[in-house]
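A.B. asks: Going by the working numbering, the sequence shown opens with residue 9, and the numbers climb by one from there.
Where is the CB? At the ideal position from N, CA and C, for every residue including glycine.
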Amino acid sequence: MKNILITGGAGFIGSNLTVELLSRGYYVTILDNLSSQIHSENEFNFSHKNFKFIQGDVRVISDWKAAIKDQDAIIHYASETGTGQSMYEINRYTNVNVVGTSNLFHCLSNYKHKVRKIILASSRAVYGEGKYFSNEEGVMYPCSRNYKLVSKGKYDHYGKNGCLLELRPTDEKSMIQPSSVYAITKSTQEQITMLMGKALSIPTVALRYQNVYGPKQSLRNPYTGILSVFSTRILNGNNIHIYEDGLQSRDFVFISDVVAATILSLENQESNYHIFNVGSGNPTSVNDIALKLTNELGIKNKIKITGQYRIGDIRHNYACLNKIKKVLDFEPKYDVDLGIKKFVSWLKTQKVQKDNYLKSIGELKQNGFIK
Ligand SMILES: NC(=O)c1ccc[n+]([C@@H]2O[C@H](COP(=O)([O-])OP(=O)(O)OC[C@H]3O[C@@H](n4cnc5c(N)ncnc54)[C@H](O)[C@@H]3O)[C@@H](O)[C@H]2O)c1
Numbered sequence: 009m010k011n012i013l014i015t016g017g018a019g020f021i022g023s024n025l026t027v028e029l030l031s032r033g034y035y036v037t038i039l040d041n042l043s044s045q046i047h048s049e050n051e052f053n054f055s056h057k058n059f060k061f062i063q064g065d066v067r068v069i070s071d072w073k074a075a076i077k078d079q080d081a082i083i084h085y086a087s088e089t090g091t092g093q094s095m096y097e098i099n100r101y102t103n104v105n106v107v108g109t110s111n112l113f114h115c116l117s118n119y120k121h122k123v124r125k126i127i128l129a130s131s132r133a134v135y136g137e138g139k140y141f142s143n144e145e146g147v148m149y150p151c152s153r154n155y156k157l158v159s160k161g162k163y164d165h166y167g168k169n170g171c172l173l174e175l176r177p178t179d180e181k182s183m184i185q186p187s188s189v190y191a192i193t194k195s196t197q198e199q200i201t202m203l204m205g206k207a208l209s210i211p212t213v214a215l216r217y218q219n220v221y222g223p224k225q226s227l228r229n230p231y232t233g234i235l236s237v238f239s240t241r242i243l244n245g246n247n248i249h250i251y252e253d254g255l256q257s258r259d260f261v262f263i264s265d266v267v268a269a270t271i272l273s274l275e276n277q278e279s280n281y282h283i284f285n286v287g288s289g290n291p292t293s294v295n296d297i298a299l300k301l302t303n304e305l306g307i308k309n310k311i312k313i314t315g316q317y318r319i320g321d322i323r324h325n326y327a328c329l330n331k332i333k334k335v336l337d338f339e340p341k342y343d344v345d346l347g348i349k350k351f352v353s354w355l356k357t358q359k360v361q362k363d364n365y366l367k368s369i370g371e372l373k374q375n376g377f378i379k
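(1) Using 8 Å as the threshold, is the C-beta distance between G7 and L366 below it?
(2) Can you check the stretch 307-340 for any beta strand (DSSP E) of at least 3 residues that lies completely inside it and give the ranges in chain order?
(3) Start and end of the alpha helix (DSSP H) containing L227?
(4) Consider the C-beta atom of I297 and the heavy atoms of ligand 1; say whether any pair is separated by less than 7 Å.
(5) Bridge partners for H380 per DSSP, in chain order?
(6) DSSP puts V213 in a beta bridge; with which residues?
(7) On the criterion of 16 or more Cβ atoms from any shown chain inside 10 Å, does T2 qualify as buried, or is it exposed?
(8) To the nearest angstrom, how far is it from the Cα of N11 to the Cα of K168?
(9) What are the start and end residues of each continuous alpha helix (DSSP H) run of 4 or more residues lying completely inside the stretch 129-161, in chain order?
(10) Grab me the residues of K60's own chain with a C-beta within less than 6 Å of its C-beta, minus the 5 sequence neighbours each way, in chain order.
(11) In angstroms, rounded to a whole number, what distance separates the CA positions of S187 and L30?
(12) Relative to the C-alpha of H114, which candidate in K160, A207, Y96 and D179 has its C-alpha closest?
(13) Let me know the secondary structure DSSP gives H114 once reduced to three states.
(14) Along the chain, where does the beta strand (DSSP E) that runs through D40 open and close?
(15) Measure the Cβ-Cβ separation of Q361 and L227 and say whether it is below 8 Å.
(16) Could you tell me which of I83, Y101 and L274 sits nearest to Y231, measuring between CA atoms?
(17) Can you give me the start and stop residues for the beta strand (DSSP E) that Q277 sits inside?
(18) For A18, verify whether its CB is less than 7 Å away from any heavy atom of ligand 1.
(19) Whole angstroms are fine: how far does the CA of E180 sit from the CA of V352?
(20) Of the choices G254, S239 and D78, whose alpha-carbon is the least far from that of Y163?
(21) Where does H56 land, buried or exposed, given buried means 16+ other C-beta within 10 angstroms?
(22) On the criterion of 16 or more Cβ atoms from any shown chain inside 10 Å, does K3 qualify as buried, or is it exposed?
(23) Given this structure, state the Cα-to-Cα distance separating K359 from K120, to the nearest angstrom.
(24) What residue does the alpha helix (DSSP H) around F351 start on, and which one ends it?
(25) In angstroms, rounded to a whole number, what distance separates the CA positions of D80 and I46?
(26) Taking all protein chains shown into account, do 16 or more other C-beta atoms lie within 10 angstroms of the C-beta of S44, making it buried, or fewer, making it exposed?
(27) Which residues in the same chain have their Cβ closer than 6 Å to the Cβ of T240, if we skip the five residues on either side of it in sequence?
(28) To the nearest angstrom, how far is it from the Cα of Q63 to the Cα of E144?
Quick look at the structure:
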């Protein structure tokens, strides 16, 4: 496999992956519409002798046809990615994410090609709340929280007897319970990809990335990426707003580990037709991540815990990595302390972007999704 197409490759994960693939001797083509929510004008000016850029849209079949020509593998990243925004921009999210993916398989079904592998960026969002345990009820997959309790500050998940449920790492066999339109589109992308891959005998892999962070993350997009949103707030002299009590947690995985897992999936045929979690394997609370970021930036007293909550937000989720460790020998190399250090040293080299956070929150409030 030599020629790799990365859709959405001008974005955060795709641009990091592109550099690594080129350094390993691959030929890389990017298909990306340079969405203005993510990119500023003329920002993407990458060049390399083995690199080609196609400005195009995954919603347009002719753009896919031009991009697929001569490709051996496709890494499909192009997506709208804001969980909150997906709740009121439903058509845009379904068009880009679902129709975009169905266009890919329409082309592979109907036109000549030589694609021999497809990797889809899925998301931990497909699990919703993920896996929990109680002594009385065993393994549980709680559905979205009771907002009456949440509004009284009871943010966690409780069993039938009122006991706090214990958080467990979420494995790939866990229940799929999307809690946002974004999550539904990622789950649908996965289903189309895994089903059509088998039907067309093209090995497919879905990677359920956890919260990815690191250099080249869009500092301009206020709709997603906790660390980039926090960073742009701070660099503009504003407070970081933390929802709930700040003890909600996520699995923050550093970009280099995500790139490594993706290349393992591309190169190792043991990955074919499988779904894998990709994460650090550890939960970190939102409070802790905010503190680590502000400490590394040398800034104090900028964290404000609001007690508000967003409809559709989950309380906790972190990845069980047993499958990807066993099948692909993947081992994350960055803990959050090292990852944040690397992220902040990159951040210090970046132009400060306009802070559009309050605009994004205003949209959520107007639509009734913040309480
Ligand atoms: N970053 C994360 O934490 C994370 C976590 C789980 C899953 N993912 C998935 O990984 C993939 C890449 O995420 P990212 O963080 O690099 O996002 P990103 O927003 O940085 O990049 C997405 C890219 O897709 C492009 N794009 C958007 N709409 C398009 C369209 N209609 N046609 C062509 N290109 C289009 C954008 O211009 C952008 O360059 C996405 O599929 C996302 O759902 C990301």
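C.D. replies: Quick look at the numbers:
(1) Because residue 7 is not part of the residues shown, which for the chain are 9 to 379, the question remains open.
(2) 311-313
(3) Per DSSP, L227 belongs to no alpha helix (DSSP H) and is neither H nor E.
(4) no
(5) A query on residue 380 cannot be resolved here, the shown segment of the chain reaching from 9 to 379 and no further.
(6) I127 and H282
(7) The chain is shown from 9 up to 379; residue 2 falls before or after that span and cannot be answered.
(8) 54 Å
(9) 155-158
(10) T37
(11) 37 Å
(12) A207
(13) helix
(14) Y35 to D40
(15) yes
(16) Y101
(17) It is not in any beta strand (DSSP E) - Q277 carries neither H nor E in the DSSP assignment.
(18) yes
(19) 32 Å
(20) G254
(21) exposed
(22) As displayed, the chain neither begins before 9 nor continues past 379, which places residue 3 out of reach and without an answer.
(23) 44 Å
(24) V344 to L355
(25) 28 Å
(26) exposed
(27) L227, Q361 and D363
(28) 55 Å
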